[in-house]
Amino acid sequence: MHLCCFPKLNRECLAALIFCLAAQAQADTIPAEKGDIVITSLVHSSVQLQYQGMVVLIDPWSAISMSNYQIADLILVTDNPGHHLDTAAIDALSDEDTILIAPANSAGQLSDAVIMGSGDSRRVSGFEAEVLVEVIDAYDLTPGAPAHPKGDANGYVLTVGGKRLLFAGVTECVDDLMTLGNIDVAFMPLNIPPARMTPADSAACTRQIDPDIVYTYHYDQSYARRINDPDYEGSSLPGGLSVDETMDAFANALEGSGIEYRQSNWYPPRFELDSNWPRLPLGQRWLTGGLGGMCIGRNDEVFLLNRQNVVEDDLDAALRAPPILQLDTEGNTVKGWGDASLIGGRLHDCHANADGSLWLVPAATGHIQLWSANEELLMQIGEANVFDSSDESRSGQPRNSDRAQFFLPAAIDVDESTGEIFVADGELPGGNSRIVVFDSSGAFLRQWRLQRDGNDQRIELPHCLRVSNDGLVYVCDRRADRIQVFDRAGNLQRNIPLSFTALTDASDRVSGIRGNAVVLAFSPDPQQQFLYVLNQNTVAVEVLERTSGDWLTRFGEGPGRYPGQFELPHGIAVDSKGNVYVAEQEGRRVQRFLLR
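Numbers in our numbering are just positions in the sequence shown, counted from 1, shifted up by 28.
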């Protein structure tokens with residue numbers, strides 16, 4: 029966990045923020061005179077630079093959540109289409125001291141901008157840093173639509189901490205680029221339609237500039253088009269290459285140049301709140317309490333775990349919803365069922381089997397249950413009203429014993445390749461702290477604990493668990509703010525840390541105790557490329573590349589009860605189309621975010 033606490037949220041706070049942010053974003057560092065320049069690749073052509081407390085944004089775009097960006101000292105706009113000039117993003121990321129620089133074609137849209145063109149320069153000072161901005165031309169050499177005429181758009185060269193960084197913009201290899209010298213880092217466009225800056229063209233131009241490091245950006249035009257037209261199917265690239273193949277071709281064309289090519293993921297999964305889901309009313313005007321968890325079935329049916337802790341006065345105008353709610357893909361209530369006295373208290377997780385049966389994990393108990401699609405109890409692992417403790421009571425000491433009994437179980441998943449049942453047993457301090465495995469009949473097989481170094485005294489709370497298609501077990505190590513990844517035998521494979529930055533002074537309050545890794549889900553593709561993690565400290569969904577653990581982006585607009593915000597999010601699931609569902613304990617609702 030990375031904590032940055034500071035007296036007030038303003039420009040002066042950013043020096044304290046910078047290293048924490050670098051730890052969680054998809055950030056690279058460039059050594060400079062007074063420390064590192066932190067470069068964060070965000071989306072398409074959106075880049076964030078941080079140096080000595082100063083924040084510079086190039087082409088900020090609200091295609092991803094604004095929670096990915098920081099308030100800027102300086103914003104640079106390269107062109108006037110919406111993925112370069114986004115007034116919503118600019119307004120959200122500016123304060124009264126922000127300087128905005130834009131090209132001639134943007135003057136009509138940005139009344140507060142400093143309009144600059146080729147040959148112009150300006151020094152901008154921040155907290156403890158200064159940036160020299162030099163403007164260069166960005167335009168087409170190859171005729172065709174879309175047109176970028178000379179004099180309309182800008183590229184920029186920034187001198188920061190003694191380093192010169194080029195942001196070429198939407199351009200071909202024009203004279204201003206060809207004559208540049210002493211460039212340390214270059215951001216070069218690729219795949220500009222109709223057939224501009226092909227991999228060979230962009231690589232040849234990069235060789236001419238001869239930077240130490242080059243990034244390609246602005247290379248997936250179909251992604252950008254789908255922001256406004258989700259059904260856009262994409263267009264072919266010259267030579268019939270895929271986007272990934274063009275990046276490989278660029279890398280091949282650079283071989284032998286001595287230039288380091290850094291590839292960033294500029295196109296993270298992007299989600300949009302579905303404001304029409306779920307459909308109201310729920311059931312017979314049902315009122316839900318805190319939603320402790322959720323899961324999704326093979327036909328994308330959604331199961332919600334309702335803790336029923338409603339405001340009693342609200343029952344004058346509603347009926348208390350049952351413990352288990354089932355919704356269809358359209359958000360209609362299919363049914364509700366369950367008796368809390370039979371299931372057990374504090375519903376926490378579930379798993380839907382292919383046959384429609386449902387595993388339930390009531391965390392306040394010592395058991396888990398399997399219910400049929402017809403709401404019949406098929407199996408219970410662990411005796412009711414018995415805990416795996418020294419005296420078999422809730423107040424006893426945890427035993428973590430080799431038997432089919434639990435002490436505050438938290439999560440469940442089933443390995444479909446073997447039928448083995450994996451359970452994270454230990455939702456709260458004072459309970460067990462293990463991952464335990466059973467065969468399909470409920471017989472105990474093996475168990476293991478979360479891993480700790482010798483001096484690590486943090487409490488072991490395995491708060492979530494999911495088994496990936498490639499046989500790895502992902503466990504939320506809640507108190508350590510990370511995910512621990514094991515093989516099916518319990519051998520630790522890796523740690524995936526998650527971080528957060530406190531935005532309000534924490535000197536007089538307790539901060540960062542909810543957990544950066546609370547529950548998780550995988551994307552539905554066979555490789556399960558993405559990992560979605562609920563972070564209760566950022567109050568957002570963190571999106572990671574699963575195999576590397578690299579942080580890509582986040583979505584959700586922080587704490588609150590407005591659409592797209594969360595109040596203590598506590599359950600997450602992904603359907604077969606890649607849409608993400610978030611269930612809230614304090615918000616007492618579920619929201620769907622459509623994959624775009």
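Note that the Cβ used here is the ideal one computed from N, Cα and C, for glycine as well.
Nearest-angstrom beta carbon gap, L186 and I237 [assumed within contact, 8 Å]: Wrong, their Cβ atoms sit about 15 Å apart, outside the cutoff.
Whole-angstrom distance between L102 and D123, CA atom to CA atom: 10 Å
Selected residue, minimal CA-CA separation from Y289, among R313, A231, R335 and E340: Answer by Cα proximity: A231.
Closest by CA to I324, which one among D367, D383 and R374? D383
Just to confirm the assignment: which complete alpha helix (DSSP H) runs, minimum length 4, are found wholly within the stretch 238-326? 249-256 and 271-282
At the level of alpha carbons, what is the spacing between L572 and D342? 39 Å
I want to know whether the stretch 593-612 touches the stretch 320-339 - three or more CB-CB distances under 8 Å. A contact exists between the stretch 593-612 and the stretch 320-339.
Taking only runs that begin and end inside the stretch 164-215, name each unbroken beta strand (DSSP E) of 3 or more residues, in chain order. 181-188 and 191-195
Can you tell me where the beta strand (DSSP E) holding L388 begins and where it ends? L386 to P390
Exposed unless 16 or more other CB atoms sit within 10 angstroms - verdict on G543: buried
Residue range of the beta strand (DSSP E) that includes I440: P437 to V442
CB-CB under 8 Å to S146, same chain, minus the five flanking residues each way: which ones, in chain order? Cβ within range, chain order: V163, I164, D165, G179, N182 and D204.
Give the secondary structure of T57 by DSSP, where H, G and I count as helix, E and B as strand, and everything else as coil. strand
Would I118 and A132 be called neighbours here (beta carbons separated by less than 8 Å)? no
With H, G and I counted as helix, E and B as strand and the rest as coil, what does DSSP make of L623? strand
Inter-residue spacing [alpha-carbon to alpha-carbon] between A50 and G458: Its pLDDT being 35, under 50, A50 is placed unreliably in this model, and the value from its coordinates should be taken loosely. Approximately 35 Å between the Cα atoms of the pair.
Starting from I118 and walking both ways along the alpha helix (DSSP H), at which residues does that stretch end? T115 to A120
Specify, as a first and last residue, the run of the alpha helix (DSSP H) that A368 falls within. A368 to I371
Own chain, CB closer than 7 Å to R616, minus 5 neighbours either side, in chain order: T316, G317, G318 and L319
How would you call L520, buried or exposed, if buried means at least 16 neighbouring beta carbons within 10 angstroms? exposed
Length of the line joining the Cα atoms of L77 and V159: Cα to Cα, L77 sits roughly 11 Å from V159.
Taking contact to mean at least 3 C-beta pairs separated by less than 8 Å, is the stretch 282-302 in contact with the stretch 221-235? yes
Short Cβ contact (8 Å threshold) for D509 with L493: no
Nearest neighbour of F558, chosen from N565, G540, G577 and L121 [CA to CA]: G577
What separation, rounded to the nearest whole angstrom, lies between the Cα atoms of L308 and Q354? 14 Å
For K62, list the residues DSSP reports as bridge partners. DSSP links K62 through a beta bridge to no other residue.
How big is the Cα-Cα spacing for L208 and D140? 30 Å
Are V546 and H491 closer than 8 Å when you measure CB to CB? yes
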